[in-house]
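Each residue of the sequence shown is one higher than the one before, counting from 8 in the working numbering.
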Amino acid sequence: MADAAARYFREHGISKQSASKALQREIEQLTVQKNAGYNNYLEKRERVRELQTIKGNLDQILRREPSQQKKQEQER
Numbered sequence: 008m009a010d011a012a013a014r015y016f017r018e019h020g021i022s023k024q025s026a027s028k029a030l031q032r033e034i035e036q037l038t039v040q041k042n043a044g045y046n047n048y049l050e051k052r053e054r055v056r057e058l059q060t061i062k063g064n065l066d067q068i069l070r071r072e073p074s075q076q077k078k079q080e081q082e083r
């Protein structure tokens, strides 16, 4: 099996060094993609937190309004 693999690599002009360099380049490219995706995820996560805070604030305001309106009606 190993002889067949070695023969295949020789016939196709692939050396251990060139294969290693190609793998290293691919690893570097995938790492860059992973880091970019993670940074995108962090930005989106922060945006979701901001929107959740806004929603919570709006919910609080909307819950308070009916009780404030009742107080104003009772005072009249």
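We put the CB at the ideal spot given by N, CA and C, even for glycine.
Inter-residue spacing [alpha-carbon to alpha-carbon] between residue i and residue j
i: Ser27; j: Gly44; result: 25 Å
i: Glu50; j: Thr60; result: 16 Å
i: Asn46; j: Gly63; result: 26 Å
i: Ile21; j: Gln36; result: 21 Å
i: Arg52; j: Tyr15; result: 48 Å
i: Leu30; j: Gln24; result: 10 Å
i: Arg17; j: Glu33; result: 22 Å
i: Arg70; j: Glu57; result: 20 Å
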